[in-house]
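Report on the following structure.
Protein chains: 2
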Amino acid sequence: MDTPWQQTSKEASFLCSTLTVENPFQTHDEFLAWFQSRRTATRFVVEQIPLAEMDQWTFAKNPHRLVHRSGKFFAIEGVRAHTNYGPVPEWDQPIINQPEIGILGIITKVFNGTRYFLMQAKMEPGNVNALQLSPTVQATKSNYTQVHRGKLPPYLAYFLDHDKARILVDQLQSEQGARFLRKRNRNMIIEIAEDVPPHDEFRWLTLGQIKQLLTVDNLVNMDARTVLSCIPFTNIAWKHYYAATSQDYPDHFDVFGRRLTGFAKDLFLSLLDRRPVRHTLDEIISWFTRLKTRYELEVRRIPLDKVRRWEQTEYEIRHETGRHFSVIAVSVQAGNREVTHWTQPLLKHTDYGVVGFLTKKFDGTLHFLVRASLEPGNLDIIEMGPTVACSNAEARAKQPNHPPFLETFLQAPPEQVRYSAIQSEEGGRFYHFQNRYMILELPPDTQLDPPEHFIWMTLGQIIDFTKYSYFNIEARNLLACLNPLEDRE
Amino acid sequence: MDTPWQQTSKEASFLCSTLTVENPFQTHDEFLAWFQSRRTATRFVVEQIPLAEMDQWTFAKNPHRLVHRSGKFFAIEGVRAHTNYGPVPEWDQPIINQPEIGILGIITKVFNGTRYFLMQAKMEPGNVNALQLSPTVQATKSNYTQVHRGKLPPYLAYFLDHDKARILVDQLQSEQGARFLRKRNRNMIIEIAEDVPPHDEFRWLTLGQIKQLLTVDNLVNMDARTVLSCIPFTNIAWKHYYAATSQDYPDHFDVFGRRLTGFAKDLFLSLLDRRPVRHTLDEIISWFTRLKTRYELEVRRIPLDKVRRWEQTEYEIRHETGRHFSVIAVSVQAGNREVTHWTQPLLKHTDYGVVGFLTKKFDGTLHFLVRASLEPGNLDIIEMGPTVACSNAEARAKQPNHPPFLETFLQAPPEQVRYSAIQSEEGGRFYHFQNRYMILELPPDTQLDPPEHFIWMTLGQIIDFTKYSYFNIEARNLLACLNPLEDRE
């Protein structure tokens, strides 16, 4: 595994790290044991409380909304959306307003020629299992301006002062547009040359190890997934490497002496392939331009107590049908956080959602069915998203006008399932918000006639658009779970 | 000139058309004679009138603003901007609000193997010379929904119904963020296979001819420039062609049997060069992410009669210092428009502005100094822009806190000037708004230490970001004036 690539190119070092699952500092089993020990070692009690019993949160006026007394962190507000997209032309809903750009950051470092990532075992009140594997840093502006008067989160200083850091990834990426109003975070991966001081809740893992952990339900958190999705896996260095090592493409495919087979090989080839098998870059941009021109979205902030069809009870703000989500309050007692007790609101989801990509081969190259996704919190009308992203999936599937292809995922035959795991959305804002992340591969002869807001793209095309911030968090986080370098032989 | 490229690739056909200045349908001199004849043949009288004498325009309330009685077209509104970018943290100003996406479109067609563009001689009330060369179509939604009850503009149907059209360019691009509130247009180039009916005000020109006309002051209008700036001049086909024809790069350079020299060669090499001589794509995205995170922009709509430091007289809404611009009203009598008499407001500029790029070679490759530009009408805080974009340039240069590098352009020695011409901004919204468009090339040993909101990029990198809608209209329209294929020998 000691090749010149490790020294010369960050892309190649990401590649090597993905191929590395043996970690001399911490084996897979040692990691799991440590992670379990963190879960039991830490006192972390989350209880739902009446909305009125939150101590630093209150309903403010003009407009009516739920805010922190400091004016910082986030607010729960009401919005009224109008659109000519989809079956519902107008609706009201609560939404999280947090108009500041936070940092989601991972520190990386090369030890003995292999790149490692400093990951954190972090408790969040909304996690179904309290503890999940998180980036080195998850910091709101409130965090680093110390609004809550706690300790500065470990390692945050490296992200604020770049003198000691080499920036490898630094992209502004959006959060869930169905739940957040125009929220974005700065997704960063930085390399630190100096010795990084150890902390109890942090461990160095290879990308290969993290990819393994992404096959486990609810282990790697949303913030880690979005940062990992920004890693520049397609780059000219790869193509050169590929050209140098591939003998008789596409029947043989070899990375660092290993032969890729099956779906991993298909993924890798789709990653490298930006040829216009289906659509050129210009055609995809034209498709997106046409939809942005055609679809209108008007989002107006309204008082939270004037949100039609939503009602407030002692314990929650809920939709009259019980669908969608509800706003609840929790009390948290924690032993390893910056402060040890707090209360806060969370958006509660009761049932599982589905986040899925349909894939299919065209002329032997795997393509992903991308959907133009319009959400009230989008900064610019639509974003590119996965084929399906739908909360409360089973209930939605029984309603008329449910999203196209939802049933395809709910009824998928096992032989089409290429990836399937339950993943949690951010536990600092969402209570038990879980989605089944799925990749299906349809047989090449499947006849599909997707509506106009769908388009087929290769993985390489998707990664290019991701870099320019065109893809939504559901798509990015699902793709982060894939491992195009999985060693199948 | 008859090569397989003409048939196989749209990029190559754009290249061929750029190299073609001999037009058998219409020579350069014939075009100029025809254009002059259109100017004299058409009655077009523009008179400034009191604001109150506009017949379809009125001041509406809640908030106070200037609107068309139909509610369509555009409105002049007030905004209050807060930012931590630049020397002025807060200001009020009038701004044009036109919250709909129009179409700026050019029809193209291949005759005898050469691609031609259907350009229009179009009168606009704000043009200094009434008539300018315009795209085939400039249509607001009001145009094609026929709010003004005139004739449907010629050729618009081809852009609304794509059955007969092959789309070559289709990008959503922004307009001036200092004057328009989040205004964008769909920039399109479409190819029509069937015979296109002729109209008196339209002529077929090659890209080479249009590039020649872009060296003339105030001849090619803003809308034509922005559409032309979207042409995909960098593409893999070019690289292949370049590799096949370039014998001993970079000393010799040859396109279709012609040798490029001087600045044209430098431009062409910079266009093809996306190697990270100065900054990689990831580094540029990191730079932009950092600035978007650091700089805040809050723009609030306020009543037009509450815009501080602006005053309304009988004939205009003006800044108390007389600087910036003023809102005026004009009466128009025209013989070749959809309607023959109308009144409307325009934004009047009294002095010339400067729109300029500083360029410099690094390791032999020409780089452009790109500025992160924050304007109140930007959709997303900042856009990438030219080194300098400044209205009323001479007056601004005498004030403290004027934009960096403005004096470099005003005092440029002739030997550094690679392009210089006066170009007009859109005459349907602006009255006599003229900028001197300039490209300067600084000697390679020039020491510059640009502030953090500047970055050096190759032309190829700029074109890539343009495709993803990162560049503002000032930068795009200046770059449209350049001809990297100019035949210098």
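Chains A and B are the protein sequences, given in the same order.
Reminder that position 183 of the first sequence reads as 183 in our numbering, one-by-one numbering, no gaps.
Reminder that position 13 of the second sequence reads as 1013 in our numbering, one-by-one numbering, no gaps.
Don't be surprised by glycine CBs; every beta carbon is placed ideally from N, CA and C.
If only complete runs of 3 or more residues are kept, the segment 1281 to 1316 of chain B shows the beta strand (DSSP E) at 1297 to 1302, 1310 to 1312, in order along the chain. Exposure of ARG1166 (chain B) is indicated by the presence of fewer than 16 other C-beta atoms within 10 angstroms of its C-beta. In the DSSP assignment, the residues bridged to LEU1369 (chain B) are B:TRP1456. The alpha-carbon of ILE382 (chain A) is positioned some 22 angstroms away from that of VAL1299 (chain B). Contact between the segment 72 to 90 of chain A and the segment 300 to 307 of chain A is present, with at least three C-beta pairs closer than 8 angstroms. In the same chain as ALA1178 (chain B), and ignoring 5 residues on each side of it, the C-beta atoms closer than 6 angstroms to its own belong to GLU1375, in chain order. For SER229 (chain A), the nearest beta carbon of chain B is not closer than 9 angstroms to its own beta carbon.
The C-alpha of LEU152 (chain A) is placed about 45 angstroms away from the C-alpha of TRP456 (chain A).
One alpha carbon belongs to ASP1163 (chain B), the other to PHE233 (chain A), and they sit about 38 angstroms apart. A direct Cα-to-Cα measurement between LEU1168 (chain B) and PHE409 (chain A) gives close to 36 angstroms. For ARG278 (chain A), no chain B residue has a Cβ inside 7 angstroms of its Cβ, as the nearest lies near 16 angstroms away. The straight-line gap separating the alpha-carbon atoms of GLU394 (chain A) and ASP351 (chain A) is approximately 8 angstroms.
Closer than 9 angstroms to the CB of THR136 (chain A) there is not a single CB belonging to chain B.
Taking a 10 Å sphere around the C-beta of GLU1011 (chain B), we find 16 or more other C-beta atoms and assign the residue as buried.
At a C-beta separation below 9 angstroms, SER17 (chain A) has no neighbours in chain B, since its nearest C-beta there lies roughly 17 angstroms away. One Cα belongs to LYS61 (chain A), the other to ASP161 (chain A), and the distance between them is close to 38 angstroms. The beta carbon of GLN1056 (chain B) sits closer than 6 angstroms to the beta carbons of HIS1068, ARG1069 from its chain, once the five residues preceding and following it are set aside; these are given in chain order.
In the three-state reduction of the DSSP assignment, PRO403 (chain A) falls in the coil class.
Taken atom to atom, the span from the alpha-carbon of PHE1159 (chain B) to that of SER1286 (chain B) is near 37 angstroms. Where LYS1360 (chain B) is concerned, the enclosing beta strand (DSSP E) starts and stops at 1353 to 1362. Three or more beta-carbon pairs drawn from the segment 1118 to 1127 of chain B and the segment 1198 to 1209 of chain B are found closer than 8 angstroms, and the two stretches are therefore classed as touching. Contact annotation: the segment 1024 to 1037 of chain B does not touch the segment 453 to 472 of chain A, with fewer than three C-beta pairs closer than 8 angstroms. In terms of beta-carbon proximity, ILE463 (chain A) stays away from the interface with chain B, with every pair separated by 9 angstroms or more. Excluding sequence positions up to five before and after GLU1175 (chain B), its CB lies within less than 6 angstroms of the CB of LYS1183, ILE1473, all in the same chain and listed in chain order. By the 16-neighbour rule on beta-carbons within 10 angstroms, GLN1098 (chain B) is buried. For LEU168 (chain A), the nearest CB of chain B lies under 9 angstroms from its own CB, placing it at the interface with that chain.
In the displayed model, TYR144 (chain A) falls within a helix according to three-state DSSP. Counting only the Cα atoms, LEU131 (chain A) lies some 11 angstroms from ALA41 (chain A).
By the neighbour-count definition (other C-beta atoms within 10 Å, threshold 16), THR458 (chain A) is a buried residue. The DSSP-derived three-state label of PHE1471 (chain B) is strand. Linking TYR295 (chain A) to GLU314 (chain A) through their CA atoms gives a straight-line distance of about 38 angstroms. Close CB contacts of THR140 (chain A) within its chain, under the 6 angstroms cut and outside five residues either way in sequence, are with GLY102 (chain order).
The Cβ neighbour count for THR1321 (chain B), taken over all protein chains shown within 10 Å, is under 16; the residue is labelled exposed. Around the Cβ of THR1136 (chain B), a 10 Å sphere holds 16 or more other Cβ atoms; the residue is buried. Beta-bridge annotation (DSSP): THR1042 (chain B) is not paired with any residue. Annotated as proximal: SER1424 (chain B) and ASN1221 (chain B), with beta-carbon spacing under 9 angstroms.
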